[in-house]
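Each residue of the sequence shown is one higher than the last, beginning at 3 in our numbering.
Cβ coordinates follow ideal geometry from the N, Cα and C atoms, glycine included.
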Amino acid sequence: MKKIIPFIFAIILVVTTVSAGGIAFADEAVKADERAIPVLMYHSVLKSKKGTYFVSPEQLEKDISEIKNAGYEFVFPEEIIAFAEGRGDLPEKPIMFTFDDGHYNNMYYGTDILKKYSAKAVINVIGAFSEFSSTSGDDSNPNYSHLTWGQIGKLYESGYFVFGNHTYNMHSFKPRYGIMPKTGESETEYAEAFRNDFLKNQEKLIAATGVKPTVFAYPFGRYNEKADGILKEEGIKITLTCNEGVSVVKKGEGECFLKLRRINRSGEYSTDDVLARIHGAK
Ligand SMILES: [Zn+2]
């Protein structure tokens with residue numbers, strides 16, 4: 003118990019501290035060596051459902067079209083990483099799209115829309131869900147299927163999608179809350195469980211796409227210092243939170259480990275509201 007108290011304290015500290023550099027909104031002037039990078043978080047793309055975790059294909063298309071009209075350019079994580087590490091540049095108004103959980107409907111509805119506007123997106127895959135679709139054969143229902151490893155490979159080859167790690171099997175509230183330690187779990191046990199789960203999904207994604215993911219999305223936005231240390235050791239450069247807002251990334255030297263804020267794109271509001279959120283008006 004003595005050991006676990008400072009550990010829990012460290013977790014609370016990390017959860018309550020924002021460490022993604024600054025927070026700003028895209029309309030504010032940024033210095034030449036800084037970029038405000040709005041990151042939108044989508045989940046399912048469906049015609050039949052509306053809610054916090056669903057947008058319609060029409061909403062997705064309108065978002066992309068109006069975001070482009072407003073002068074934003076879609077970027078992949080690797081471009082942000084190169085900028086942060088001082089190896090590359092970014093457009094003046096970059097934006098990154100992310101889709102969490104690896105839904106098959108991202109491919110079913112999203113591919114043609116992204117192609118039409120030459121947009122780019124990151125899909126954050128939950129390995130166990132993709133494994134289930136891959137092995138059960140129940141792999142092409144937009145309402146509930148997840149992307150199979152084969153579909154992930156094809157989407158990567160298309161050039162419009164890259165893939166992030168969203169845990170292999172830590173996307174639930176039990177026995178642990180996302181990636182958080184279980185009650186009574188020692189720091190060593192926790193570290194081993196988290197690393198093994200993370201690496202299992204990395205291996206699957208590397209096998210499917212041929213590249214090692216450098217992005218990790220925290221399930222339910224929960225994170226802690228121990229897990230961050232492991233992610234850094236294993237080559238993750240960007241972690242995606244559910245903290246609302248727009249992060250400012252500085253052009254720098256050396257390796258980066260960016261904790262980026264996101265804007266949850268709920269289906270319950272309009273494209274105008276999305277732009278307002280990007281600009282900090284809402
Ligand atoms: Zn998720």
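- Inspect the beta-carbon positions of residue 45 and residue 102 and report whether they are closer than 7 angstroms. yes
- Item | Any non-hydrogen atom of ligand 1 within 6 angstroms of residue 221 CB | yes
- Item | Cβ separation of residue 221 and residue 247, assumed to be a contact under 8 angstroms, to the nearest whole Å | Between residue 247 and residue 221 the Cβ distance is about 19 angstroms, and since that is not below 8 angstroms, they are no contact.
- Message: Cutting at 7 angstroms between CB atoms, please list the residues of its own chain near residue 91, excluding the five before and the five after it.
- Response: 85
- Message: Tell me the rounded alpha-carbon separation between residue 253 and residue 88.
- Response: 5 angstroms
- Query: By a C-beta neighbour count over all protein chains shown, 10 Å radius and 16 as the cutoff for buried, is residue 71 buried or exposed?
  - Reply: exposed
- Going by beta carbon distance, what residues of the same chain come within less than 7 angstroms of residue 183, once the five residues before and after it are set aside? 192
- So which of 273, 186, 255 has the shortest CA-CA distance to residue 60? 273
- Please determine if the region 139-155 and the region 202-220 are in contact, where contact requires at least 3 C-beta pairs separated by less than 8 angstroms. yes
- Message: For residue 244 and residue 138, what's the separation of their Cα atoms in angstroms?
- Response: 31 angstroms
- Task: Note down, one range per segment and in chain order, each beta strand (DSSP E) of at least 3 residues found wholly within the region 206-263.
- Result: 217-219, 240-246, 248-252
- Message: Between which residues of its own chain and residue 68 is the CB-CB distance below 7 angstroms, once the five residues before and five after are set aside?
- Response: 273, 277
- Range of the contiguous alpha helix (DSSP H) that encloses residue 279: 273-281
- Please state if the CB of residue 108 and the CB of residue 128 are separated by a distance shorter than 7 angstroms. no
- Message: At the level of alpha carbons, what is the spacing between residue 141 and residue 111?
- Response: 15 angstroms
- Scan the region 21-85 and note each continuous alpha helix (DSSP H) run of 4 residues or more that stays entirely inside, going in chain order. 59-71
- Heavy atom of ligand 1 less than 6 angstroms from the Cβ of residue 102, yes or no? yes
- Write down the C-beta distance between residue 148 and residue 219 rounded to the nearest angstrom, noting that I regard them as a contact closer than 8 angstroms. About 15 angstroms separates the two Cβ atoms, so there is no contact after all.
- From residue 280 to residue 249, what does the alpha carbon distance come to, in whole angstroms? 11 angstroms
- Item | Residues of its chain near residue 130, where Cβ-Cβ distance is below 7 angstroms and the 5 sequence neighbours each way are ignored | 170, 171
- Item | residue 216 beta carbon less than 7 angstroms from that of residue 239 | yes
- Which of helix, strand or coil does DSSP assign to residue 100? strand
- Would you mind stating whether residue 121 and residue 163 have Cβ atoms separated by less than 7 angstroms? no
- Item | residue 178 versus residue 195 - alpha carbon distance | 11 angstroms
- Query: Which word fits residue 203, buried or exposed, when buried means at least 16 other C-beta atoms lie within 10 angstroms of its C-beta?
  - Reply: buried
- Item | Separation of residue 38 from residue 258, as counted between CA atoms | 16 angstroms
- Would you decide whether residue 198 is buried or exposed? Buried here means 16 or more other CB atoms lie within 10 Å of its CB. exposed
- Helix, strand or coil at residue 265 according to DSSP, with G and I counted as helix: strand
- Item | Where the alpha helix (DSSP H) through residue 131 begins and ends | 129-138
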